[in-house]
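Contents: one structure, followed by commentary.
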Amino acid sequence: VQLQASGGGLVQPGGSLGLSCAASGNIYSTNTMGWYRQAPGKQRDLVATVTSGGGTNYADSVKGRFTISRDSAKSVVCLQLNSLKPEDTAVYYCNVAYTRWGRDYDYWGQGTLVTVSS
């Protein structure tokens, strides 16, 4: 399984950015796709996830500003980042996870850098 993320870059505070991640390979259809981020010197934290059933979960810090979506037919997960703040600066990683036959599977993309600065 491979995940290819794209869309990071430099944006001014208050601006918007869109991230996209395409997954390829043998992925069980019942899964959760999501985005995590890691700021310099900090641990990797959840940003948002979306299940194959459409259920979403967001970190409190991004609620109302970020929107996660997915195209399950194409195994693509997107994250729209609005009203960006300097504290949103981080490397953003996409993820797909599922459990099948009692075994957990967890795959990560290579990360894409989002920098929020004036």
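FYI, in this note's numbering the residues of the sequence shown are 4 to 121. Just so it is clear, CB atoms sit at the ideal spot from N, CA and C, and this is done for glycine as well.
Counting along the chain, the unbroken beta strand (DSSP E) around G37 starts and ends at T35 to Q41. Contact annotation: the segment 72-81 touches the segment 17-37, with at least three C-beta pairs closer than 8 Å. Straight-line measurement puts the Cα of S32 at about 31 Å from the Cα of A42. Note that the C-beta distance between N60 and T52 is below 7 Å. Between the alpha carbons of G44 and V94 lies a distance of about 11 Å. Between the C-alpha atoms of K88 and I30 there is a straight-line separation of about 34 Å. Take G11, set aside five residues on each side of it, and the residues of its chain with a beta-carbon closer than 7 Å to its own are L22, Y95, T115, L116 and V117, in chain order. Beta-carbon to beta-carbon, L6 and C97 are separated by about 5 Å, close enough to satisfy the 8 Å threshold.
Straight-line spacing of the CA atoms in G57 and S121 works out to 35 Å.
Rounded to whole angstroms, the separation of the alpha carbons of S55 and D107 is 16 Å.
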